[in-house]
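Student: Before we start, here is the structure in question, set down as structure tokens.
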Amino acid sequence: MSVFTGWRAALRIARRDALRAKGRSALVVAMIAVPVLGVTALDVTFRSSNPTTAEQLTADLGSADALFWDQRSGPIEQLPDGDMYMPVDEEAVPDESGPAIDISTTFPEGSRAIDIRSAPADVTTAYGITNTDVFEVRTSDKMVRGMIDLVRGSYPRGAGEVAATEPFLKSTGLDVGSTTTVRNSGRTYRITGVVEKPDALKTEALYADPGAVLAPWKAGAEHDKKVLPPNERPVQWLVEAPEGAGVTWPDVLRANKSGVLVKSRQVVLDPPPDSEVPLAGKGYQSYAGSSEELSVALVTVVALAILEIVLLAGPAFAVGARRSRRQLGLLGTCGGDRRHVRAVVLGGGLVLGGVGAVTGAVAGIGLTAVFRPMLEELVGHRFVSLELRPLELLGIAAFGLVTGLLAAFAPAIVASRQSVLESLTGRRGVRRSSRVLPILGCCVLAIGTVVAVYGGTTGDSGLVSGGSIVAELGLLACIPVLVGLLGRIGRRLPLSPRMALRDAARNRGRTAPAVAAVMAAVAGSVAVATYMSSTKAENEFDYVPSMTPGTILLSSSYSSEADVAERLPRVRPAVERSLAVTGKRADYRRVWAGSDCNVYEEDSCGSLEMLVPAGKDHACPLTGKGAKELAARLSADEHKKLMRSPACLARLMPSGIFNSDMSNIVVADETLLDVYAKFADPAATEALAAGTPVLLNKTYAKNGEVTLKAVHRYGEEDRKNRAQHPGKPRTTTAKLKVYVAPEKYAATPGVSMVMPQKTAERLGLHTSPAGSVYTAAHPPTDAELQRARAAIDQAGGGLWVQDESGPYETEDTMMVILTLLAGLVTLGAASITTGLAKADAEADLNTLSAVGAPPGVRRRLSGFQCMVVALTGVVLGTLAGLVPAVALRLVDLREALKTMRAEPMESAYTPIVLPWSTVGLLVVGVPLLAGLLAMAFTRSRLALARRAG
Numbered sequence: 041m042s043v044f045t046g047w048r049a050a051l052r053i054a055r056r057d058a059l060r061a062k063g064r065s066a067l068v069v070a071m072i073a074v075p076v077l078g079v080t081a082l083d084v085t086f087r088s089s090n091p092t093t094a095e096q097l098t099a100d101l102g103s104a105d106a107l108f109w110d111q112r113s114g115p116i117e118q119l120p121d122g123d124m125y126m127p128v129d130e131e132a133v134p135d136e137s138g139p140a141i142d143i144s145t146t147f148p149e150g151s152r153a154i155d156i157r158s159a160p161a162d163v164t165t166a167y168g169i170t171n172t173d174v175f176e177v178r179t180s181d182k183m184v185r186g187m188i189d190l191v192r193g194s195y196p197r198g199a200g201e202v203a204a205t206e207p208f209l210k211s212t213g214l215d216v217g218s219t220t221t222v223r224n225s226g227r228t229y230r231i232t233g234v235v236e237k238p239d240a241l242k243t244e245a246l247y248a249d250p251g252a253v254l255a256p257w258k259a260g261a262e263h264d265k266k267v268l269p270p271n272e273r274p275v276q277w278l279v280e281a282p283e284g285a286g287v288t289w290p291d292v293l294r295a296n297k298s299g300v301l302v303k304s305r306q307v308v309l310d311p312p313p314d315s316e317v318p319l320a321g322k323g324y325q326s327y328a329g330s331s332e333e334l335s336v337a338l339v340t341v342v343a344l345a346i347l348e349i350v351l352l353a354g355p356a357f358a359v360g361a362r363r364s365r366r367q368l369g370l371l372g373t374c375g376g377d378r379r380h381v382r383a384v385v386l387g388g389g390l391v392l393g394g395v396g397a398v399t400g401a402v403a404g405i406g407l408t409a410v411f412r413p414m415l416e417e418l419v420g421h422r423f424v425s426l427e428l429r430p431l432e433l434l435g436i437a438a439f440g441l442v443t444g445l446l447a448a449f450a451p452a453i454v455a456s457r458q459s460v461l462e463s464l465t466g467r468r469g470v471r472r473s474s475r476v477l478p479i480l481g482c483c484v485l486a487i488g489t490v491v492a493v494y495g496g497t498t499g500d501s502g503l504v505s506g507g508s509i510v511a512e513l514g515l516l517a518c519i520p521v522l523v524g525l526l527g528r529i530g531r532r533l534p535l536s537p538r539m540a541l542r543d544a545a546r547n548r549g550r551t552a553p554a555v556a557a558v559m560a561a562v563a564g565s566v567a568v569a570t571y572m573s574s575t576k577a578e579n580e581f582d583y584v585p586s587m588t589p590g591t592i593l594l595s596s597s598y599s600s601e602a603d604v605a606e607r608l609p610r611v612r613p614a615v616e617r618s619l620a621v622t623g624k625r626a627d628y629r630r631v632w633a634g635s636d637c638n639v640y641e642e643d644s645c646g647s648l649e650m651l652v653p654a655g656k657d658h659a660c661p662l663t664g665k666g667a668k669e670l671a672a673r674l675s676a677d678e679h680k681k682l683m684r685s686p687a688c689l690a691r692l693m694p695s696g697i698f699n700s701d702m703s704n705i706v707v708a709d710e711t712l713l714d715v716y717a718k719f720a721d722p723a724a725t726e727a728l729a730a731g732t733p734v735l736l737n738k739t740y741a742k743n744g745e746v747t748l749k750a751v752h753r754y755g756e757e758d759r760k761n762r763a764q765h766p767g768k769p770r771t772t773t774a775k776l777k778v779y780v781a782p783e784k785y786a787a788t789p790g791v792s793m794v795m796p797q798k799t800a801e802r803l804g805l806h807t808s809p810a811g812s813v814y815t816a817a818h819p820p821t822d823a824e825l826q827r828a829r830a831a832i833d834q835a836g837g838g839l840w841v842q843d844e845s846g847p848y849e850t851e852d853t854m855m856v857i858l859t860l861l862a863g864l865v866t867l868g869a870a871s872i873t874t875g876l877a878k879a880d881a882e883a884d885l886n887t888l889s890a891v892g893a894p895p896g897v898r899r900r901l902s903g904f905q906c907m908v909v910a911l912t913g914v915v916l917g918t919l920a921g922l923v924p925a926v927a928l929r930l931v932d933l934r935e936a937l938k939t940m941r942a943e944p945m946e947s948a949y950t951p952i953v954l955p956w957s958t959v960g961l962l963v964v965g966v967p968l969l970a971g972l973l974a975m976a977f978t979r980s981r982l983a984l985a986r987r988a989g
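Each residue of the sequence shown is one higher than the one before, starting from 41 at the first, in the numbering used here.
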């Protein structure tokens with residue numbers, strides 16, 4: 041019999057066996073198909089979400105041949121892609137106010153062009169007023185197709201219509217058919233349709249025809265000096281060259297001589313040689329991203345996915361081999377040898393692996409197509425098409441087929457070693473566990489951990505990935521011994537958990553692979569979740585807040601209008617009704633010396649500042665001479681401590697929130713300390729009442745005093761104050777006794793000292809009501825901010841609301857997905873083990889029922905078997921996942937220290953933070969759920985059967 045004939049018979053037997061045991065076959069197919077589905081969906085999504093050069097050009101240019109815009113800097117030189125340019129005269133300063141050139145003279149002869157103008161504008165909403173970008177471009181022109189597309193409704197036509205993006209409508213409560221008024225011009229427009237920028241789906245903007253918004257706004261500003269003209273951005277021109285001509289590189293060079301930057305479709309797709317690009321001759325070149333990090337991550341993911349499938353599907357093939365052992369024994373009685381037994385079991389892997397691979401690939405493509413809109417919203421741009429690369433998809437399917445064979449390999453070896461007599465009678469031989477494997481596993485675990493940590497300290501992500509995989513393989517080899525130890529801890533437990541632990545220890549061949557599968561899934565999830573939570577903690581530490589979190593500021597500090605302070609009493613009640621404010625209101629006044637710099641030019645107004653005393657105790661050691669030498673000797677923790685010292689916080693914390701100058705001095709009472717600084721101290725209250733300022737940052741104090749320097753300069757236009765203070769500007773220096781707050785209040789954003797009103801008057805300083813601070817019940821929503829903006833506008837404007845939005849919050853979608861994935865794999869692996877336990881222990885369960893055990897024992901036993909596998913795998917997986925996470929954070933620490941030693945004021949804080957919510961859900965929730973599900977789906981009553989043998 042030829043080799044092919046033997047395999048054909050083996051495949052036929054495997055196919056019939058798969059059809060006979062449909063439930064087990066479906067489980068194996070699912071275990072192979074799910075990872076293939078995930079990799080296929082990831083591949084299709086990744087390829088589709090990364091546009092080609094031609095697709096990106098369509099998003100940038102629409103259907104036009106080129107985009108022209110004047111840089112206002114004289115002749116320029118650019119790279120062919122139009123993303124980088126340099127003025128020929130590198131010292132030239134762009135002249136935004138100068139006359140614009142006639143850009144149409146730079147277009148190729150016979151071209152057609154449309155212009156794109158834009159400016160930010162205040163517009164009315166369903167809630168109040170908001171600020172958004174307004175674009176003037178003929179959206180109905182075919183030249184903008186692909187750059188701006190209509191989603192629903194119709195394009196705007198004429199002077200009274202606009203189109204809006206979906207994010208704008210969502211944040212403002214408007215819809216197609218609603219009207220909005222541009223506050224700057226007073227014109228009202230009807231929203232006729234919804235448009236989108238395919239490459240920027242989150243854009244909030246309005247689109248109008250040319251001349252519909254900006255022209256009447258400019259006309260109004262010319263006739264009414266109270267109306268500010270639009271702050272227009274540089275005009276862009278979409279150019280369509282004569283058919284077949286395109287915009288060539290010589291056309292681009294000619295436009296560059298007039299200071300016009302050009303992005304040409306023809307030039308980008310077919311760039312000229314570097315010898316014809318003047319800027320390239322000077323060493324400039326376009327940026328090309330590196331895919332090295334992606335490749336390392338991809339190899340790691342694929343390797344762990346293969347390991348996952350083998351560990352998950354392997355026990356399922358073992359179930360099949362155990363259930364088919366009589367059939368395999370009959371094969372031996374008919375003259376078949378070990379090779380034929382192995383071929384039958386491997387044939388099952390080939391059949392089910394092939395079905396799983398094809399099913400997973402097809403389902404991956406289908407699900408990507410179904411969830412395409414959701415994926416597009418997630419990545420923030422449209423897919424031009426679903427890009428399917430046949431070779432990649434074929435490779436993914438082959439990967440599923442091969443892993444199916446690998447999963448069946450170990451069960452095939454075990455099945456072929458069983459004697460014919462054992463197979464026919466159902467008896468199992470007794471095999472001792474290998475003593476070499478655990479020792480070898482411990483050595484491999486130690487080596488892998490050392491390699492990963494070494495890779496982290498040297499910044500080699502390849503060693504991190506390789507070492508992490510090796511360490512995980514070493515831990516896998518130790519699992520049989522760890523499972524064997526489980527039986528010893530169940531001696532004093534009740535019947536069902538004691539039997540479950542002893543059964544797991546006695547049958548390590550089926551328990552260990554399932555525990556390993558759970559461990560592999562959980563390790564990956566914990567590693568990524570730990571890295572993400574650590575990075576989040578790092579970002580939160582590095583973030584410098586502009587205000588105290590949980591507060592809202594109503595401010596007029598930068599307003600140049602003389603009567604803005606008179607509007608505050610009218611605005612405060614309206615703002616309080618619009619926003620979710622709680623508790624007390626803290627009013628404050630701004631303070632200045634000389635003429636007010638908000639009203640008069642810088643050379644015609646005064647200044648006020650607190651002087652920093654001389655001495656090491658008052659200077660930040662991370663700045664100035666010797667800072668780099670000090671940084672080179674610091675660890676990350678030592679640097680963190682210095683960064684949070686009052687002297688360094690004086691440089692780090694923001695200024696100009698309560699005052700237009702950088703003094704950070706505010707005139708207020710103890711209410712501001714309580715509401716804004718969260719500093720409630722009776723002694724500080726008494727100090728303010730006595731006329732003593734409260735200093736929040738002790739850096740400025742020496743012997744309990746601060747030095748205040750004021751330049752009393754009055755401009756000629758400030759006639760009232762000039763008459764009282766004639767002559768040359770005078771500079772005064774005053775020493776003030778202060779109450780110094782505890783060191784932690786040095787981190788209060790925007791306030792260094794709170795001064796009583798009477799002290800400011802005594803020093804000859806000027807003050808004016810500037811705003812109020814509130815405690816917020818929650819961060820203000822778009823609707824609340826728009827209502828407050830409308831209330832301020834109704835009172836005359838000149839004020840605004842500011843809140844602390846906090847550091848940029850990355851969505852926890854990935855962490856949720858990883859937790860769910862790990863939970864599903866844990867449930868699947870525990871279910872496989874329970875099925876294998878039922879197959880192995882069927883005779884024991886019959887005996888258990890025969891000796892009078894209650895029916896619920898079988899149900900509880902299955903539940904605890906599931907819990908043992910799930911809990912053991914989750915705990916080991918959590919420990920294994922920490923290795924790559926810690927190693928990768930060491931890579932980040934190395935880079936952070938390198939940056940800090942070059943720039944000492946840059947943070948080097950690189951924490952390692954465990955995602956306790958994820959770990960808690962995996963360690964407690966998933967094993968408990970696995971046990972409950974196993975109990976729910978296990979029959980408590982069992983019909984007695986004849987004992988074999």
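Note that the Cβ used here is the ideal one computed from N, Cα and C, for glycine as well.
Can you list the beta strand (DSSP E) stretches of 3 or more residues lying completely in the stretch 639-664, in chain order?
Tutor: 647-651
Student: Excluding the 5 residues preceding and the 5 following Asn737 in the sequence, name in chain order all residues of the same chain whose CB lies nearer than 6 angstroms to its CB.
Tutor: Taking the sequence shown and counting its residues from 1, the one referred to as residue 737 is at position 697. Excluding positions up to five away in sequence, the list reads Pro686, Ala690, Ala786, Ser792.
Student: Where does Leu749 fall in DSSP's three states?
Tutor: For the purposes of this step, residue 749 is taken as the residue at position 709 of the sequence shown. In the sequence on display, residue 749 carries Lys and not Leu. Lys749 falls in the strand class under three-state DSSP.
Student: Given a threshold of 16 other Cβ atoms within 10 Å of its Cβ, counted over all protein chains shown, does Ala763 qualify as buried or as exposed?
Tutor: By one-based count along the sequence shown, residue 763 stands at place 723. Looking at its Cβ environment, which holds fewer than 16 other Cβ atoms inside 10 Å, Ala763 is exposed.
Student: Spatial neighbours of Glu946 within its chain, please: C-beta separation below 6 angstroms, excluding the five flanking residues on both sides.
Tutor: In the sequence shown, residue 946 corresponds to position 906, counting from 1. Answer for Glu946: Thr939, Met940, listed in chain order.
Student: My understanding is that Val521 touches Val909, with C-beta atoms under 8 angstroms, so please give their C-beta distance in whole angstroms.
Tutor: Here residue 521 corresponds to residue number 481 of the sequence shown, with the count starting at 1. Here residue 909 corresponds to residue number 869 of the sequence shown, with the count starting at 1. Not quite, the Cβ-Cβ distance comes to about 16 angstroms (not below 8 angstroms), so this is no contact.
Student: Under a three-way DSSP split, which group does Ser703 fall into?
Tutor: Start at 1 with the first residue of the sequence shown, and residue 703 comes out as number 663. It is coil, neither helix nor strand.
Student: Asp181: which of Leu319, Ser536, Tyr247 sits nearest, CA to CA?
Tutor: Position 141 of the sequence shown holds residue 181. Comparing Cα positions, the closest option is Tyr247.
Student: Could you pull out every residue in the same chain whose Cβ sits closer than 6 angstroms to the Cβ of Gly394, ignoring the five residues on either side in sequence?
Tutor: Position 354 of the sequence shown holds residue 394. Correct list, in chain order: Leu441.
Student: Between the alpha carbons of Ile529 and Leu51, how many angstroms are there, rounded?
Tutor: By one-based count along the sequence shown, residue 529 stands at place 489. By one-based count along the sequence shown, residue 51 stands at place 11. Rounded to whole angstroms, Ile529 to Leu51 spans 44 angstroms at the Cα level.
Student: Based on DSSP bridge pairs, tell me the residues matched to Gly811.
Tutor: Position 771 of the sequence shown, counting from 1, holds the residue named residue 811. Ser595, Tyr628, per the DSSP bridge assignment.
Student: Tell me the start and end of each unbroken beta strand (DSSP E) in the stretch 677-733 that is at least 3 residues and wholly inside, in chain order.
Tutor: 705-707
Student: Beta-carbon within less than 6 angstroms of Ala281's beta-carbon, same chain only, minus the 5 sequence neighbours each way: which residues are those?
Tutor: To locate residue 281, count along the sequence shown from 1; it is residue 241. Cβ-Cβ distances below 6 angstroms link Ala281 to Asp105, Pro148, Ser151, Val287 in the same chain, with the five nearest sequence neighbours on each side left out; the list follows chain order.
Student: Among all the DSSP beta bridges, which residues are the ones paired with Lys775?
Tutor: Along the sequence shown, read from residue 1 onward, the residue named residue 775 stands at position 735. DSSP lists Thr747 as partners of Lys775.
Student: Report yes or no: do three or more beta-carbon pairs, one from the stretch 953-961 and one from the stretch 558-577, lie closer than 8 angstroms?
Tutor: Judged by Cβ distances under 8 angstroms, the stretch 953-961 makes contact with the stretch 558-577, as three or more pairs qualify.
Student: Among Leu119, Val235, Gly186, Val128, which one has its Cα closest to the Cα of Lys303?
Tutor: Reading the sequence shown from its first residue, position 263 is the one you call residue 303. The shortest Cα separation from Lys303 among Leu119, Val235, Gly186, Val128 belongs to Leu119.
Student: Would Arg56 be called buried (16 or more neighbouring beta carbons within 10 Å of its own) or exposed?
Tutor: For the purposes of this step, residue 56 is taken as residue 16 along the sequence shown, with counting starting at 1. By the 10 Å Cβ count, Arg56 comes out exposed.
Student: Can you name, in chain order, every residue of its own chain whose Cβ lies under 7 angstroms from the Cβ of Asn578, other than the five neighbours on each side?
Tutor: For the purposes of this step, residue 578 is taken as residue 538 along the sequence shown, with counting starting at 1. Looking at the sequence itself, residue 578 is Glu, so the reference to Asn does not match. Cβ within range, chain order: Tyr949, Thr950, Pro951.
Student: Can you tell me whether Ser158 is helix, strand or coil according to DSSP?
Tutor: Locating residue 158 in the sequence shown gives position 118, counting from the first residue. Looking at Ser158 - three-state DSSP - the assignment turns out to be strand.
Student: With C-beta atoms as the reference, is Thr212 less than 8 angstroms away from Thr165?
Tutor: For the purposes of this step, residue 212 is taken as the residue at position 172 of the sequence shown. For the purposes of this step, residue 165 is taken as the residue at position 125 of the sequence shown. It is a contact, given that the beta carbons lie within the stated cut-off.
Student: Would you give the residue range spanned by the beta strand (DSSP E) that Lys768 belongs to?
Tutor: Working through the sequence shown from its first residue, we reach residue 768 at position 728. Careful: Lys768 lies outside any beta strand (DSSP E) and carries neither H nor E.
Student: Is the beta carbon of Arg176 sitting closer than 8 angstroms to the one on Arg157?
Tutor: If you number the sequence shown from 1, residue 176 lands on position 136. If you number the sequence shown from 1, residue 157 lands on position 117. For the sequence presented, residue 176 should be read as Glu rather than Arg. Yes, they are a contact pair.
Student: Buried or exposed: where does Pro313 fall if 16 or more other Cβ atoms within 10 Å of its Cβ makes it buried?
Tutor: Looking up residue 313 in the sequence shown gives position 273. Exposed: under 16 other Cβ atoms inside 10 Å.
Student: Check whether the Cβ atoms of Leu662 and Ala676 lie closer than 8 angstroms to each other.
Tutor: Locating residue 662 in the sequence shown gives position 622, counting from the first residue. Locating residue 676 in the sequence shown gives position 636, counting from the first residue. Cβ distance not < 8 angstroms, so Leu662 and Ala676 don't count as in contact.
Student: Would you please state the rounded distance, in angstroms, between the beta carbons of Thr497 and Met650? I believe it to be under 8 angstroms.
Tutor: Here the question's residue 497 lines up with position 457 in the sequence shown. Here the question's residue 650 lines up with position 610 in the sequence shown. Not a contact, Cβ separation roughly 44 angstroms.
Student: Judging by CA-CA distance, which residue of Gln111, Leu682, Pro274 is the nearest neighbour of Lys656?
Tutor: Your numbering for residue 656 matches position 616 in the sequence shown. Taking only the C-alpha atoms, the option nearest Lys656 is Leu682.
Student: Taking the Cβ atom as the reference point for each residue, do Leu776 and Glu745 lie within a distance shorter than 8 angstroms?
Tutor: Reading the sequence shown from its first residue, position 736 is the one you call residue 776. Reading the sequence shown from its first residue, position 705 is the one you call residue 745. For Leu776 and Glu745, yes; Cβs fall inside 8 angstroms.
Student: On the three-pair Cβ rule with 8 angstroms, is the stretch 896-904 touching the stretch 532-542?
Tutor: yes
Student: Can Pro733 and Val780 be called in contact, C-beta distance under 8 angstroms?
Tutor: Numbered from 1 along the sequence shown, position 693 holds the residue referred to as residue 733. Numbered from 1 along the sequence shown, position 740 holds the residue referred to as residue 780. No.
Student: Let me know the beta strand (DSSP E) ranges lying completely inside the stretch 56-129, each 3 residues or longer, listed in chain order.
Tutor: Counting whole runs of 3 or more residues, the stretch 56-129 contains the beta strand (DSSP E) stretches 106-110, 116-118, 125-127.
Student: Kindly indicate the opening and closing residues of the alpha helix (DSSP H) around Arg227.
Tutor: In the sequence shown, counting from the first residue as 1, residue 227 sits at position 187. Premise fails: Arg227 lies in the beta strand (DSSP E), 227-236, not in any alpha helix (DSSP H).
Student: Give the secondary structure of Thr165 by DSSP, where H, G and I count as helix, E and B as strand, and everything else as coil.
Tutor: Here residue 165 refers to the residue found at position 125 of the sequence shown. Thr165: coil per DSSP, three-state reduction.
Student: Where do the N-terminal and C-terminal ends of the beta strand (DSSP E) with Tyr494 fall, by residue?
Tutor: Here the question's residue 494 lines up with position 454 in the sequence shown. Here Tyr494 belongs to no beta strand (DSSP E); instead the alpha helix (DSSP H) covers 476-498.
Student: Nearest to Thr172 by alpha carbon, out of Leu209, Gly200, Asp155?
Tutor: Counting from 1 along the sequence shown, the entry for residue 172 is found at position 132. Minimum Cα distance to Thr172 is reached at Leu209.
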